[in-house]
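Report on the following structure.
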Amino acid sequence: MINEELLTAAVRNNAEWCGSMCRAHGLTTATGPRAWTSPHRTPLYYPDAVSLAADATAADVVTGIDLTGPGASVKDSYARLDLAPEGFRPLFDATWIGRPAGAPAGSAPSWTRAGTPEALAAWAHAWSGGDTDEAALFRPALLDDPAVTVLAVPGADGRVVGGAVLSTGAGATGVSNLFAADGTDPAAVWAAALAAADPAVPVVGYESGDDLAPALAAGFTELGPLRVWLAA
Numbered sequence: 048m049i050n051e052e053l054l055t056a057a058v059r060n061n062a063e064w065c066g067s068m069c070r071a072h073g074l075t076t077a078t079g080p081r082a083w084t085s086p087h088r089t090p091l092y093y094p095d096a097v098s099l100a101a102d103a104t105a106a107d108v109v110t111g112i113d114l115t116g117p118g119a120s121v122k123d124s125y126a127r128l129d130l131a132p133e134g135f136r137p138l139f140d141a142t143w144i145g146r147p148a149g150a151p152a153g154s155a156p157s158w159t160r161a162g163t164p165e166a167l168a169a170w171a172h173a174w175s176g177g178d179t180d181e182a183a184l185f186r187p188a189l190l191d192d193p194a195v196t197v198l199a200v201p202g203a204d205g206r207v208v209g210g211a212v213l214s215t216g217a218g219a220t221g222v223s224n225l226f227a228a229d230g231t232d233p234a235a236v237w238a239a240a241l242a243a244a245d246p247a248v249p250v251v252g253y254e255s256g257d258d259l260a261p262a263l264a265a266g267f268t269e270l271g272p273l274r275v276w277l278a279a
């Protein structure tokens, strides 16, 4: 895939992952040609709308979402929208990343699939740093989604010290919620994620700040900017 195709795959894969998380919370979403939207407020940290095309307009992403109170968010996938007139402000910027199909080079640490409610709870506890409200984001219903794999990297004592979510869709595997705890090297977690991904399809995602460098070191390239907007 050329970078433009990888970017499209990254955007649409991420929207599908947002849909998976919403379904796990009992929410129904809608996907149109230029935007993914949820008519009900989405789970913590997840957008209420995602633009799917470079020519998407403000109306595409704000129509059909709940703006009756503050806190709605929009993922401007191409960082081209001006949502300030709609009452939004920029929350953060990030970078889409992609890696072409192919088996990863080098070795990876052992990993397991958090495939039971108990294993998912342990994974969520590690991911959240022990924050019960954040950990509650990952509900057992997520395990029923065949497109989702919750990957855990265990430490020497068996506790989860790293992990990520792999989600298939739009002809790619998306990596999200990647974390390295207790001094674990993020490079090891990226290696585990790539080892778990299907080598026949590209791997995509997005990162920002200090989390971008380890992804690039793992063989990803920058595909383009994105911006998340938050309603006042």
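Using this note's numbering, the first residue of the sequence shown is number 48, and each one after it goes up by one.
Cβ coordinates follow ideal geometry from the N, Cα and C atoms, glycine included.
Distance, residue j Cα to residue i Cα
{"i": "R274", "j": "L259", "result": "15 Å"}
{"i": "P117", "j": "V197", "result": "31 Å"}
{"i": "P233", "j": "A227", "result": "5 Å"}
{"i": "V109", "j": "P156", "result": "43 Å"}
{"i": "Y93", "j": "G177", "result": "20 Å"}
{"i": "A208", "j": "V248", "result": "Note on residue identity: the sequence assigns Val, not Ala, to residue 208. In a straight line, the C-alpha of V208 is about 27 Å away from that of V248."}
{"i": "E165", "j": "L184", "result": "14 Å"}
{"i": "R186", "j": "L263", "result": "30 Å"}
{"i": "F135", "j": "D180", "result": "25 Å"}
{"i": "A161", "j": "W170", "result": "7 Å"}
{"i": "F267", "j": "N61", "result": "16 Å"}
Segment limits, beta strand (DSSP E) that includes residue i
{"i": "L225", "result": "A219 to A227"}
{"i": "S214", "result": "V207 to G216"}
Identity of the residue in the options nearest residue i by Cα
{"i": "G256", "options": "W143, L189, G216 and L277", "result": "W143"}
{"i": "A203", "options": "D229, L189, A106 and V212", "result": "D229"}
{"i": "L189", "options": "L74, E52, N50 and V58", "result": "L74"}
{"i": "A101", "options": "D180, G218, G252 and A82", "result": "A82"}
{"i": "A278", "options": "G209, V212, A211 and L138", "result": "L138"}
{"i": "P246", "options": "E51, L167 and A148", "result": "A148"}
{"i": "A126", "options": "L213, A141 and A119", "result": "A141"}
{"i": "K122", "options": "D95, G134, E133 and L114", "result": "D95"}
{"i": "T89", "options": "W237, S214, A105 and W64", "result": "W64"}
{"i": "V195", "options": "R70, S154 and A119", "result": "R70"}
{"i": "G111", "options": "S124, E133, P132 and A77", "result": "A77"}
{"i": "T215", "options": "G205, V58 and D107", "result": "V58"}
{"i": "P80", "options": "N61, S67, L91 and A103", "result": "A103"}
{"i": "D192", "options": "L270, E52 and S67", "result": "S67"}
For residue j and residue i, believed in contact at Cβ under 8 Å, the rounded distance
{"i": "L130", "j": "W276", "result": "5 Å"}
{"i": "P201", "j": "T159", "result": "6 Å"}
{"i": "L128", "j": "S98", "result": "7 Å"}
{"i": "R153", "j": "A238", "result": "A quick correction: the sequence has Gly, not Arg, at residue 153. With 8 Å as the limit, G153 and A238 qualify as a contact, their Cβ atoms being about 7 Å apart."}
{"i": "T220", "j": "A182", "result": "24 Å between Cβ atoms; not a contact."}
Opening and closing residue of the alpha helix (DSSP H) in which residue i lies
{"i": "V109", "result": "A105 to V109"}
{"i": "L53", "result": "N50 to A71"}
{"i": "T75", "result": "No alpha helix (DSSP H) contains T75, which DSSP labels as neither H nor E."}
{"i": "W170", "result": "P164 to S175"}
Check: residue i C-beta below 6 Å from any heavy atom of the ligand NAP
{"i": "A199", "result": "With respect to the ligand NAP, the structure offers nothing, as it holds no ligand at all."}
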